[in-house]
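2 protein chains.
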Amino acid sequence: MHSDLVASRSAEQKGSRDSREPSRESRNGSSPQLDAVSLAIIEQLQEDGRRPYAAIGKAVGLSEAAVRQRVQKLLDQGVMQIVAVTDPLTVGFRRQAMVGVNVEGDVESVADALSAMSECEYVVMTAGSFDLMVEIVCEDDDHLLDVINKRIRAVPGVRSTESFVYLKLKKQTYMWGTR
Amino acid sequence: MHSDLVASRSAEQKGSRDSREPSRESRNGSSPQLDAVSLAIIEQLQEDGRRPYAAIGKAVGLSEAAVRQRVQKLLDQGVMQIVAVTDPLTVGFRRQAMVGVNVEGDVESVADALSAMSECEYVVMTAGSFDLMVEIVCEDDDHLLDVINKRIRAVPGVRSTESFVYLKLKKQTYMWGTR
DNA sequence: CTTCGATCGTGCGGAATTCGCAGGAGTAGG
DNA sequence: CCTACTCCTGCGAATTCCGCACGATCGAAG
Numbered sequence: 004m005h006s007d008l009v010a011s012r013s014a015e016q017k018g019s020r021d022s023r024e025p026s027r028e029s030r031n032g033s034s035p036q037l038d039a040v041s042l043a044i045i046e047q048l049q050e051d052g053r054r055p056y057a058a059i060g061k062a063v064g065l066s067e068a069a070v071r072q073r074v075q076k077l078l079d080q081g082v083m084q085i086v087a088v089t090d091p092l093t094v095g096f097r098r099q100a101m102v103g104v105n106v107e108g109d110v111e112s113v114a115d116a117l118s119a120m121s122e123c124e125y126v127v128m129t130a131g132s133f134d135l136m137v138e139i140v141c142e143d144d145d146h147l148l149d150v151i152n153k154r155i156r157a158v159p160g161v162r163s164t165e166s167f168v169y170l171k172l173k174k175q176t177y178m179w180g181t182r
Numbered sequence: 004m005h006s007d008l009v010a011s012r013s014a015e016q017k018g019s020r021d022s023r024e025p026s027r028e029s030r031n032g033s034s035p036q037l038d039a040v041s042l043a044i045i046e047q048l049q050e051d052g053r054r055p056y057a058a059i060g061k062a063v064g065l066s067e068a069a070v071r072q073r074v075q076k077l078l079d080q081g082v083m084q085i086v087a088v089t090d091p092l093t094v095g096f097r098r099q100a101m102v103g104v105n106v107e108g109d110v111e112s113v114a115d116a117l118s119a120m121s122e123c124e125y126v127v128m129t130a131g132s133f134d135l136m137v138e139i140v141c142e143d144d145d146h147l148l149d150v151i152n153k154r155i156r157a158v159p160g161v162r163s164t165e166s167f168v169y170l171k172l173k174k175q176t177y178m179w180g181t182r
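Here you go:
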């Protein structure tokens, strides 16, 4: 697939539209319209976030400078972030949990309130028997208890919560592009 | 805090043990025993996965080469990975869901089976009304339906599942160290 | 049809970073 | 004391990053 991109480069470049046309319409109203080349760049960086721009350029058929500019734009737009990820349990956070939340009233405002809490690492609005799913990372049991019972339940609009304490993280991947 | 580390460097270096002693005992039996310096390095890379080694070294009080060697070891050991992360909805995966799974028999073997599926991005064993929580990423509704009803439920030992389809991702962070 | 402005890619040279390797220092065990 | 091992440092050399000027394409306006 990389060779495909490379091989078609010159044709693309002088073609009228090439593969840079938006791959899909925006659904959120704020989707920054990614083309195939940016997707390929993201895919490269999902394999290795420190891969040199020149190597990425060779893989996707762009110059080093062009890759650099695209990556910078993707970062600026917030489409992508390049970070180190770990298993929190390994790094000293002893308690982690997924919390299902039921809301009365405006779900989004509750989601915003929870997002503002540093212990909430992941907040998503869902359809199903929970309105929100929230992943929280804590230092110990006391901290966990405090966050769930004092902080989350104190948010106006939170009707009820159900907690799932993590026992063991089995898989964590970020390479959707590469399958 | 950075200045603390930097200031105490020379003392640490000639001290008998310095801050490099393991911060916590291993709980999993396979935890590679991280010291304070490695934690600080991870923290730097959680802010920016492409930060130069020299800059990290200045922040944690190590030479560029030492940081490089430590980062390489952390990557080799699988303690940390440096990757690009995105909101899958932005990158063209239109359906995403959290699935709670109830298991009869060996939970871990079911977790392994689910981990082997490329659509399962995140698999964790939990305590609570689900034995497993699985996050899945799909291209569209058909794909999602297929994964949940055909693939996940076909795994031996899966008793029941409950799905929470993602409506909107509100927060996604990886900076536990920096708070 | 031409021009203007904006976007995007390329090439280049200098600065900065990464890389590999040869020590030095501390520790544990015999 | 000596060896083996681990971890850090310092230093050239190769590579990469970065800023910038220029060319090409496209849409809109004149």
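For the record, the sequence lines run as chains A and B.
So the first sequence is numbered by the numbering used here: it starts at 4 and just counts up by one.
So the second sequence is numbered by the numbering used here: it starts at 4 and just counts up by one.
Even for Gly, the Cβ is constructed at its ideal location relative to N, Cα and C.
Limits of the unbroken alpha helix (DSSP H) element including residue i
i: Tyr56 (chain B); result: Tyr56 to Val63
i: Glu67 (chain B); result: Glu67 to Gln80
i: Leu42 (chain A); result: Ala39 to Glu50
Straight-line Cα distance separating residue j from residue i
i: Glu107 (chain A); j: Gln47 (chain A); result: 42 Å
i: Ile155 (chain B); j: Lys173 (chain B); result: 26 Å
i: Ala62 (chain A); j: Pro55 (chain A); result: 11 Å
i: Glu165 (chain A); j: Val40 (chain A); result: 42 Å
i: Ala58 (chain B); j: Ala130 (chain A); result: 44 Å
i: Arg30 (chain A); j: Asn152 (chain A); result: Its pLDDT being 37, under 50, Arg30 (chain A) is placed unreliably in this model, and the coordinates cannot settle the point.
i: Leu78 (chain A); j: Arg162 (chain B); result: 42 Å
i: Ile139 (chain A); j: Ser121 (chain A); result: 9 Å
i: Cys3 (chain A); j: Ala43 (chain A); result: Outside the modelled stretch of chain A, which goes from 4 to 182, sits residue 3 (chain A), for which no answer is possible.
i: Phe167 (chain A); j: Gln72 (chain A); result: 42 Å
i: Leu50 (chain A); j: Tyr169 (chain A); result: In the sequence under discussion, the amino acid at residue 50 (chain A) is Glu, which differs from the Leu named in the question. Approximately 26 Å between the Cα atoms of the pair.
i: Asp109 (chain A); j: Met83 (chain A); result: 28 Å
i: Ala68 (chain A); j: Ile45 (chain A); result: 16 Å
i: Leu148 (chain B); j: Gly64 (chain B); result: 52 Å
i: Gly103 (chain B); j: Gly60 (chain A); result: 41 Å
i: Met136 (chain B); j: Tyr125 (chain B); result: 8 Å
i: Lys171 (chain A); j: Ser132 (chain B); result: 16 Å
i: Pro159 (chain B); j: Glu111 (chain B); result: 12 Å
i: Pro91 (chain A); j: Val127 (chain B); result: 12 Å
i: Val113 (chain B); j: Gly81 (chain B); result: 22 Å
i: Ala157 (chain B); j: Leu117 (chain B); result: 10 Å
i: Asp38 (chain B); j: Val70 (chain B); result: 13 Å
For residue i, the first and last residue of its enclosing beta strand (DSSP E)
i: Leu170 (chain A); result: Val161 to Gln175
Does the segment 92-108 of chain A come close enough to the segment 139-149 of chain A to have 3 or more Cβ pairs within less than 8 Å? A contact is defined here as three or more CB-CB pairs under 8 Å, and the segment 92-108 of chain A meets this definition with respect to the segment 139-149 of chain A.
Counting only runs that start and end within the segment 78-157 of chain B, where is the alpha helix (DSSP H) found for 4 or more residues in a row? 110-118 and 144-148, all fully within the segment 78-157 of chain B.
What are the residues of the segment 48-82 of chain B that lie near chain A, defined by any Cβ-Cβ distance shorter than 8 Å? The segment 48-82 of chain B vs chain A, Cβ under 8 Å: Leu48, Gln49, Glu50, Asp51, Gly52, Arg53 and Val82.
At a Cβ cut of 8 Å, what residues of the segment 138-167 of chain A count as close to chain B, listed as they run along the chain? So the list reads Val140, Glu165, Ser166 and Phe167, given in the order they occur along the chain.
Assess, as a yes-or-no matter, whether the segment 79-94 of chain B is touched by the segment 72-89 of chain A under the definition of 3 or more beta carbon pairs within less than 8 Å. Counting Cβ pairs under 8 Å, three or more are found: they touch.
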